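Asker:
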Amino acid sequence: MENIQPGAATLALPPILDLTAAAALLEEFLTQRGQPLRVNAGDVQRLGGQCLQVLLAARAAWAADEQALHLDDCSEEFLAALDLLGVASKKLTYCKEMSS
Amino acid sequence: MDPMAAIRETFFQECEEQLAELEAGLILMESGTAEAETVNAVFRAVHSIKGGAGIFALDALVRFAHVFETALDQVRSGTLAAGAAVLNLLLRAADVLADLVRAARENGTVDEARTAALVVEFTQISNLGHEPPLTPKPAPKALAPAPAWLISFTPASALYAKANETALLLRELRRLGPIEVALDATHLPELSELDPEGAYLTWNITLEADCTEQAIRNVFEFVEDDCQLNITCATPAEPALKPGDVITGDNGFSFEFFPPPVFDDEEASAAPKAEPEHHEPPPALTAKQNPVEAMAAKAESAAAVSATIRVDLDRVDRMIDLVGELVINEAMLSQRVLEAGIARASGVAMALEELEHLTREIQDSVMAIRAQPVRSVFQRMPRLVREVAAQTGKQARLVTEGEGTEVDKTVIERIADPLTHMIRNAIDHGLESPEKRLAAGKPAEGIVRLSALHRSGRIVLEVADDGAGINRARVKEKALENGLIAPDAALTDDEIDNLIFLPGFSTASTVSDISGRGVGMDVVRQSVVALGGRISISSRPGLGSTFTLSLPLTLAVLDGMVVSARGHTLIIPLGAIVETLKPKAADVFPLDGEINVIRLRGGYVPMVDVAASLGYCDEFVEPDQSVALLVEGEGGVRAVLLVDAIHGQRQVVIKSLEANYRAVPGIAAATVMGDGRVALILDVDAVVKTTRSELSRPELSLAEAR
Amino acid sequence: MSTTVLTVDDSRAMRDMLRHSLLAAGFRVLQAEDGLHGLEVLETERPDVIVTDINMPRMDGFGFIEAVRRDESRRSMPVLVLTTEVDAEKKNRARAAGATGWIVKPFDPIKLVEAIRRVAA
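Chains as they are written, first to last, in the UniProt record's numbering: chain A, 1 to 100; chain B, 1 to 706; chain C, 1 to 121.
#1: Can you grab the Cα-Cα spacing for the pair B/Thr420 / B/Ile7, in whole Å?
#2: If you pair each beta-carbon of the segment 8 to 15 of chain A with each one of the segment 185 to 201 of chain B, do three or more pairs fall below 8 angstroms?
#3: Would you tell me roughly how many angstroms separate the C-alpha atoms of B/Val621 and B/Val608, rounded to the nearest one?
#4: Between the alpha carbons of B/Asp587 and B/Gln372, how many angstroms are there, rounded?
#5: Do you know how far the Cα of B/Ser451 is from the Cα of B/Leu398?
#6: I'd like to know if the segment 352 to 365 of chain B and the segment 404 to 413 of chain B are in contact, where contact means that at least 3 CB-CB pairs between them fall below 8 angstroms.
#7: Should C/Ser2 be labelled buried (16 or more other beta-carbon atoms within 10 Å of its own) or exposed?
#8: Report all residues from its chain with a CB closer than 8 angstroms to the CB of B/Cys227; omit the five preceding and five following residues, and keep chain order.
#9: Give a yes or no on whether the minimum CB-CB distance between B/Phe378 and chain C is below 8 angstroms.
#10: Mind listing the chain A neighbours of B/Leu150? Cutoff is C-beta to C-beta under 8 angstroms, in chain order.
#11: Find the nearest neighbour of B/Asn471 within the set B/Gln649, B/Ala489 and B/Glu495, judged by alpha-carbon distance.
#12: What residue ranges within the segment 8 to 95 of chain A form continuous alpha helix (DSSP H) runs of no fewer than 4 residues, ordered along the chain?
#13: Which stretch, first to last residue, makes up the beta strand (DSSP E) that contains B/Met561?
#14: Where does B/Tyr604 sit, in a helix, a strand or coil, going by DSSP?
#15: Nearest-angstrom Cα distance between C/Asp53 and B/Phe68?
#16: Where do the N-terminal and C-terminal ends of the alpha helix (DSSP H) with C/Gly101 fall, by residue?
#17: Taking DSSP as the reference, what is the three-state secondary structure of B/Asp2?
#18: If you draw a straight line from the C-alpha of B/Glu14 to the C-alpha of B/Val643, how long is it?
#19: For a contact meaning CB atoms closer than 7 angstroms, what does A/Phe29 contact in chain B?
#20: Who are the Cβ neighbours of C/Val113 in its own chain at under 6 angstroms, not counting the five residues just before and after it?
#21: Run down chain B in chain order and give the residues with a C-beta less than 8 angstroms from the C-beta of A/Val87.
#22: At which residues does the alpha helix (DSSP H) containing B/Thr410 begin and terminate?
#23: Report the CB separation of B/Ala53 from B/Val62 in whole angstroms; it is logged as a contact under 8 angstroms.
#24: Can you check whether the CB of B/Ile681 is closer than 8 angstroms to the CB of B/Ile571?
#25: Kindly indicate which residue of B/Leu352, B/Gln18, B/Asp522 and B/Glu619 has the alpha-carbon position closest to the one of B/Ile595.
#26: Could you pull the DSSP bridge partners for B/Ala371 from this structure?
#27: What whole-angstrom Cβ distance do B/Leu484 and B/Phe505 have, given they're in contact under 8 angstroms?
#28: Looking at the C-beta of C/Arg46, does it have a partner C-beta in chain B at a distance below 8 angstroms?
#29: Should B/Arg677 be labelled buried (16 or more other beta-carbon atoms within 10 Å of its own) or exposed?
#30: Measuring straight from C-alpha to C-alpha, what distance separates B/Asp685 and B/Gln526?
#31: Should B/Arg458 be labelled buried (16 or more other beta-carbon atoms within 10 Å of its own) or exposed?
#32: Give the residues of chain A in contact with C/Ser76, contact being defined as C-beta atoms less than 9 angstroms apart.
#33: Select from B/Ala161, B/Val39, B/Met367 and B/Thr166 the residue whose C-alpha is nearest the C-alpha of A/Asp83.
#34: Excluding the 5 residues preceding and the 5 following C/Arg93 in the sequence, name in chain order all residues of the same chain whose CB lies nearer than 6 angstroms to its CB.
#35: A/Val54 touches chain B at which residues, Cβ-Cβ below 7 angstroms?
#36: To which residues of the same chain is B/Ala268 closer than 8 angstroms at the C-beta, ignoring the five residues directly before and after it?
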C-alpha cells in the first residue's frame, strides 16, 4: 500500500451492491478517476454481477491511467462473493510497482 | 384440526362464496345488466376454484374448472359471444361446478355423464382444446450421471432487470457439487463506456456432481431465456432444452423459460401494440345488443371495494354474549339505584340513563356485526328454480327483491330449508304447465317472486307465484278425507288455504319427487315455529299464491312481557300476545276434563293456567283473580293464558336452557332479570298445544296443526 | 435473520396454504389479498421475495409487478408469479412487467420453497 498516500481519496462501498447500486457505483468511479483511490469494502454484504462489472472495469481504467487502486478492509461477505463469482480480490487492485 | 384439514375447509368455504358470486354474475349477464367487472369477477371465481382445487389434487374439479374457465376467458376477451345459448350453458356449468365442489368436500360422487356432456358442449361452442393443462407431462428422460459438467453462462441484462442474479445462480450450482469458476471479462468495455446495467461477462464453470443435466438446468429455470447457457459433459448429452421449453415435475409442477428478452427494447417501440384485450370496441355497441362485448369494452375499472375484515364467528358470538351480560348488569344496576331511593332527577339517575342508552346502542351495533344480508340464501335459489322447472316440465323465472335485507346469522342459517320448500312447492304445485298457462291467457313462463323485507322488528320473506292459486275445493275435500276437519266445519277461504300446513297434508295424488317425499308444508311450518316464526299462505284463484314467512331478526334477544305466576317470574314473547284482558267469572265455562273456556266476542277460547300447566301448583287460579293474555300460536291458534300479574314489557337476552341446564317442556329459554334472578321464557306454542290436545271440538281442530 | 416472503393472493385458502408451507420452511411470511394491498404492505415492509397470483380483484398481478418495479429501490426485489395460467401471452406480460420467475400451479410446496431460496439473496 506504500504507493498510496494516507490522505488519498477513498470510496466506501455500500452494503448492497446489486442492480440498483450499479449506476451510482459507476458514477462514483467516474468522478474519482485520474487519482489514486482506496476502496473500502468493509460494509459490503452482497455483490451482484453488474457491480462486479463496474469494479472490474474500474480496475482496468485505473491500470490504464497508471493510478493505484486499492481495496481496504474487505468484508467476509465481499470476499465470499468474489470467490463465488470466480474473481480473486487482487484482480481488483492495481499497484504502480507491480512487485510490491 | 390439523392445519391442512383447516386449510381445506377454508378452501371449500371460499368455494361456496365463489360459486355464489359466479351464479350471481352469470345471472346479471343473462339479464343484460352486467357491468364491466362482472365478467372478470365470474372468471376469477372459476379461476380461484381451479387454483385451490389444484392444491388439493382434486383432479376432476380442476379439469372441469379448466374447461369452464377457458370458455369464460373467451367470453371475457370477446372471442366468444355470450348469447342466450352460451349463458345457458355457463349457468348449467356453474351448477355442475357446484356439484363437483360439494362432491369433493364430502368425498361424494357426481353425475359424470352430465359433466362429460357439458365438456363436450363446451368444446363444440368454442373449439376448446381437450387437453387439460395440469395433467402430468412425461418427465424428461434422466441422463446418465457424469462426473464433470462444463457450464458456460452468459447473462443478458434482462436477467438482472428481472431481479435475477448471477451470484445466486452460482450459489445454487454449488449446492449440486464443488464448482470451479473462471470469469471471462474479455467483452467488458472501457469504464467510461460501461452501461452499469448492461451485461458483459461470461462465466465458465466446472461442476463435479453426480447429477443429471436437468438438475443443472433447473438451477437456471427462471433465467434460461435471459442468458446464453451451454452445458456439456464427458458423455454426449441428449439434445439440450431450447428456450421456451417447459420443465415439468412429476406432479405437474412446471416452469417455463421466458422467451428471449431482445424484443423488449427493439420491438416495443417499433411494433404496434398487439394486445387484443385493450382494443377499443365500436362505441355504438349497446349493452342490450351484446352485453358481454360491451362489458369487455369498458376499461378494467375495478369496482371500489369497501374495506372489510374477516373475523372469526366465535369472537363475535362471544362479544354478543358479553354484551348480553352487560345489558343484564346495567338493568341490575338500575334496579339497585331505584331501590336505594335515589331521585329520578339526580346526577346518578341521569348518568344511569345515559348508560342505559349507550348499552342499547352497543347491543344494536354488536348485533349488526353478525347481521348478514339474505343474499347468500337467495343466491342458491335460481339454481333450484331451474332444476325444479326442468324436472316438472314447467317454465319458471325467479325474481328476487330485498336481497340486502339483513338478519342475524343465527337466523339466516335456518331460513334456507323453509325457503327451498316454499319455492319447490310454488313451482310444483303453484305454477301451471306452459300449455295450461297459455290457455289461460298467461305467458308460458311463470314467475316466482322471492322477496325479503323488515316489518315491525321481524324479517318477512315472501314466496309468490303467478300460478293458478290454491284449489280450495280440492284442499277441503282432501282434509275431510284425511279426517283433518269435521264435515260440518265452516271454514273461511284463508282457513282452507292454511290447511296445507296440517301434518301429512298433500294435494298431489302422488307424492312427487320435487316437493319432497313425505316432507310436507307441516314440517316446514314446524321448523319455522321452532325459530319463533310464523308462516301462512294466501291465494287468489287464477292469480297465484303467496307464502309469507315471518321470523325474528335475531335469536339472541327477545321482546317479552314480564308476568308473574305463583311467585315465579316468566317472560311471554311479545309477538305471541294479541291482547290482555280482565276475565269475568260469568264468561268462563268449564269443559270436560280440566279445561275452561272463556267467551270472547261471541267465540270460545280455551284458558290455560300458566302456573298449573308448568306444574307450579295443583290448584287453578280463579279466573277473576287473575290477568288474562290472549295469545296466538302458529296457524292462528288462540288461547288465553292466566297469570297473577303483568309487570310490563322489556327486551331480554335469551339464554339457552338446553345449553345451561336441560330442555324443559313448556319453557323456550331463560333470561336473567335486572334483580339478578333467572326468569323463564314461556314456550307459548307448547303450552297452548299441551292443553289443546285434550280438546276435540271440531271448530278447534285447526289447533292441532302441530 | 430469516428470509421474509410476501404472498399476494386473493384466495384465503391459497394464502393459508402458502403461509403454512413457508412458515414450515422457516420463512417469515407477510400476506396481502391483492395487488393494491400488496403495495400497501410494501410501504412499511421490505420482503426478500414476493410471490404473487395473477388474477386478483382491484389490482391484478401484472399491475402489481409493474408498480413494484417502478420503485427504484424495489427493482432488485425478486417477484415470483404463482398461477394456474398457462397462456403464453400472460407469461409474456408477466415477464414484460418484470417478473423474476413463473410457477404454474398446482404448486409443490417443496419446489416453491426451493424457488424462493434460489432467488432470495
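Note that CB positions come from ideal geometry on N, CA and C, so glycine has one too. Note that the structure is predicted; figures quoted are calculated from it, not measured.
Answerer: With the given structure in hand:
#1: For B/Thr420 and B/Ile7, the distance between alpha carbons rounds to 30 angstroms.
#2: These segments do not touch.
#3: Rounded to the nearest whole angstrom, the CA to CA distance from B/Val621 to B/Val608 is 10 angstroms.
#4: Straight-line spacing of the CA atoms in B/Asp587 and B/Gln372 works out to 48 angstroms.
#5: Cα-Cα distance, rounded: 10 angstroms.
#6: No, they do not touch.
#7: Looking at its Cβ environment, which holds fewer than 16 other Cβ atoms inside 10 Å, C/Ser2 is exposed.
#8: By the criterion of a C-beta distance shorter than 8 angstroms, B/Cys227 is surrounded in its chain by Phe153, Thr154, Pro155, Ala156, Leu159 and Phe220, once the five residues flanking it on both sides are discounted.
#9: Interface with chain C (8 angstroms Cβ-Cβ cutoff): B/Phe378 is excluded.
#10: The contacting residues do not exist; B/Leu150 stays about 14 angstroms from chain A at best.
#11: Looking only at B/Gln649, B/Ala489 and B/Glu495, the smallest Cα-Cα distance to B/Asn471 is reached by B/Glu495.
#12: Counting whole runs of 4 or more residues, the segment 8 to 95 of chain A contains the alpha helix (DSSP H) stretches 19 to 32, 49 to 64 and 76 to 84.
#13: Its beta strand (DSSP E) spans residues Val557 to Ala565.
#14: Strand, per DSSP.
#15: Those two C-alpha atoms are separated by around 20 angstroms.
#16: For C/Gly101, no alpha helix (DSSP H) segment is defined; the enclosing uninterrupted segment is the beta strand (DSSP E) at Gly101 to Val104.
#17: Here B/Asp2 sits in coil by DSSP.
#18: Approximately 51 angstroms between the Cα atoms of the pair.
#19: Within 7 angstroms Cβ-Cβ: Leu191.
#20: Excluding residues within five positions, the ones whose Cβ falls inside 6 angstroms are Ala25.
#21: What A/Val87 touches in chain B, judged by beta-carbon distance under 8 angstroms, is Leu183, going in chain order.
#22: Taken as a continuous stretch (DSSP letters only), the alpha helix (DSSP H) holding B/Thr410 covers Lys409 to Ile412.
#23: Here B/Ala53 really is in contact with B/Val62; their C-beta atoms are around 5 angstroms apart, less than 8 angstroms.
#24: Cβ distance < 8 angstroms, so B/Ile571 and B/Ile681 count as in contact.
#25: Residue nearest to B/Ile595 within the set B/Leu352, B/Gln18, B/Asp522 and B/Glu619 is B/Glu619 (criterion: CA-CA distance).
#26: BP columns for B/Ala371 point to B/Asp408.
#27: Sure, about 7 angstroms apart at Cβ, within 8 angstroms.
#28: At a cut-off of 8 angstroms between C-beta atoms, C/Arg46 does not count as an interface residue with respect to chain B.
#29: With fewer than 16 other Cβ atoms within 10 Å, it is exposed.
#30: For the pair B/Asp685 and B/Gln526, the Cα-to-Cα distance works out to about 11 angstroms.
#31: Around the Cβ of B/Arg458, a 10 Å sphere holds 16 or more other Cβ atoms; the residue is buried.
#32: Per Cβ cutoff of 9 angstroms: Ile16, Asp18, Leu19, Thr20, Ala21 and Gly48.
#33: Checked all of B/Ala161, B/Val39, B/Met367 and B/Thr166; the closest Cα to A/Asp83 is B/Thr166.
#34: The residues Phe62, in chain order, have a CB closer than 6 angstroms to that of C/Arg93 in the same chain once the five nearest residues on each side in sequence are set aside.
#35: Residues of chain B whose Cβ lies closer than 7 angstroms to the Cβ of A/Val54 are, in chain order, Leu194 and Pro196.
#36: Because B/Ala268 sits at a pLDDT of 40, beneath the cut-off of 50, its placement in the model cannot be relied upon, and the point is left open.
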